[in-house]
Amino acid sequence: MPEKVIFLADMESFYASVESARDPSLRGKPVAVCGDPALRHGIILAASREAKAHGIKTGQPAWEARRMCPWVIFIHPRMQAYIDCSLQITEIFKQFSDRVFPYSIDEQFIDLTGSTKLFGTPRQAAEQLMEKIRNETGIRCRIGMGENMLQAKMACDCFAKKRAEAFFELNSANYAHFTWPLPVGSLFGVGHRMVKNLNRIGVRNIGHLARLPRGMLGRLWGVNGELLWLNARGIDYSTLETNSAPGQKGVGHTATLPRDYRRQGEIELVLLEMTEEVCARTRRQGKVGSTVHLYCKGSDFDFPTGFSRQKTLPESTANTMKIYPVVLDLFRRHWDRKPVRAVGISLSGLTPFRQLQLALNADYEKAEALAEAAGQVRKRFGKTSLFRAASLKVGAQLFERAGKIGGHDS
Amino acid sequence: MSEKIRSQFGCSKMMLPEHCSMLREQALAEYRAENNRFPETDEQLREEQQYILDEARAGGKTVIIKTLNSNGCNHYMGIPLRCDSTGNKIIIRTETGPDLSISAAEVVSLTIAD
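Chains A and B supply the protein sequences, listed in that same order. Its first residue numbered 21, the first sequence is counted upward by one per residue in the numbering used here. Its first residue numbered 215, the second sequence is counted upward by one per residue in the numbering used here.
Here it is, written out as structure tokens:
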């Protein structure tokens, strides 16, 4: 059986590169895309190569970046432009293979197995891809290659990004040689908290992890432990799903609040607005959900507080006033009275909305018709055209979030 | 095997809902374009169609014409009366209705009815 040829293409400083491509006067200058420096979300979302040379990193506060490089150019994010560019790149990849899997806005997997006669060796194919993307979008891309998605991801993150040729190949034969000496934090799926846990049991590099018994990791961290063992050995059972938007399991919204929310009333108001948003999106898909999930995170991200709880509804619905009491119940039961900085609500267990339900209960029918009408108004005239009066209160986020994508300007 | 092990990248992918919906639209547009793609008619096929048309017209035979345009696929049945080479049209007389003018460029198949 022929070996698989999987590419992971990663766009360099994606947001900053899109901005530089659109405005040539920015080329060669330190550019950082960030939210409003005066607000909480004034953090660096992307920094150009020139900005990185001054030590500016993604996730850094804007004021700190300014201190490191006083002449850095801050640019507000324009999420729609980045999504459009990402779609354009997907289109380019589809000229090479019909098996493309967008993993995030700036990373996409491509399966080029069996295309040697069309595009030459994998390296030649990668060079053609990189050149085409650079010519058509002005963005530099790096490509990691592997026999599976994990190897491609590791090849890209740990090697291709650091090399001038922007390409690196890992395979089952060389995976251990190249990756085992790397610090364990470099392994895909290992976050900073897991690094601490692994260090505690004497694991410093990927090789140490690979040599531990699989069962031991399974006992310590369940499925996650087993997955780490597999990843350390370059084994991955993932299949490249070509459907870019597979059957959705849930609809959710999360938001980082502009400040610490301490008052119960303010937090509950945001929860109401988010419940409304989640329900509206679920209805737009013609679905109803059966499980509500609420997540609240404290303000100190280094010492996490908060909770994550879910509850199954007595009957599937996408009606705000049926779901909100459940959200409130979860919140009041689990909130520890500490300030909240991030909240998230999701509705899962989605099933298609059935007309049969309408016929069962006249009130239900009325509520659904009202929600549908409100949804139509908002769809036509915008999210803020019809809203609850509570959204005019202090702490409300509706107007702040309206017209934004992923919490940033569209 | 747990889903996380079977599809760790499917489980961990981070996509904005707006991005997902636009990808869905893109995939749908591709699907539609692929399924409604106009077939390429080569010279030989054109000649064969012309031959069938001439034969039907001479013998007063009924033909079945299948056309494809942006509105979809259509079938017509009738006796060919003449070909308007200026407008590139085929005029046929149907059994019940009035004479029809069919754009020759949209014809994808042409057969004599049994």
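Glycine residues also receive a C-beta, built at the ideal position from the N, C-alpha and C atoms.
- For A/S124, the nearest CB of chain B lies under 7 Å from its own CB, placing it at the interface with that chain.
- The DSSP-derived three-state label of A/Q80 is coil.
- When C-alpha distances from A/D30 are compared across A/L277, A/L406, A/E127, A/G318, the shortest belongs to A/E127.
- Straight-line spacing of the CA atoms in A/A300 and A/W355 works out to 26 Å.
- Beta-bridge analysis with DSSP links B/D313 to B/R307.
- Contact fails between the segment 75-89 of chain A and the segment 97-105 of chain A, because fewer than three Cβ pairs, one in each stretch, are under 8 Å apart.
- A/L370 places its beta carbon 7 Å or farther from that of A/V347.
- Look at the segment 359-371 of chain A: it has no residue with a C-beta under 9 Å from a C-beta of chain B.
- Annotation for A/V414: E286 place their beta carbon closer than 8 Å to its own, counting only its chain and skipping 5 residues before and after.
- A/G254 and A/F34 have their alpha carbons spaced roughly 27 Å apart.
- Nearest to B/I304 by alpha-carbon distance, out of B/S284, B/G311, B/R296, is B/R296.
- In terms of beta-carbon proximity, B/G224 lines the interface with chain A, with at least one pair separated by less than 7 Å.
- In this structure, the CA atom of B/A247 is about 22 Å from the CA atom of A/I130.
- The continuous beta strand (DSSP E) containing A/L333 extends over residues 326-337.
- In this structure, A/C161 and A/L28 do not form a Cβ contact; the two beta carbons are roughly 10 Å apart against a cut-off of 8 Å.
- Within the same chain, T311, H313 come within 6 Å of A/Q330 by CB-CB distance, once the 5 residues on both sides are set aside.
- Note on A/R303: 16 or more other CB atoms within 10 angstroms of its CB, so buried under the neighbour-count rule.
- Setting aside the 5 residues that flank it on each side, B/T308 is surrounded in the same chain by Y290, M291, G292, L314, each with a C-beta closer than 8 Å to its C-beta; the list follows chain order.
- When secondary structure is reduced to three states using DSSP, A/V347 falls in the helix class.
- For the 7 Å CB-CB criterion, A/L170 and A/D256 form a contact.
- Residue burial is scored here from C-beta neighbours: A/E167 has at least 16 other C-beta atoms within 10 angstroms and is therefore classed as buried.
- A straight line joining the alpha-carbon of A/A145 with that of A/E70 spans about 28 Å.
- With respect to the 7 Å criterion, A/L65 and A/V51 are not classified as neighbours on the basis of their beta carbons.
- With its beta carbon less than 7 Å from one in chain A, B/H233 belongs to the interface.
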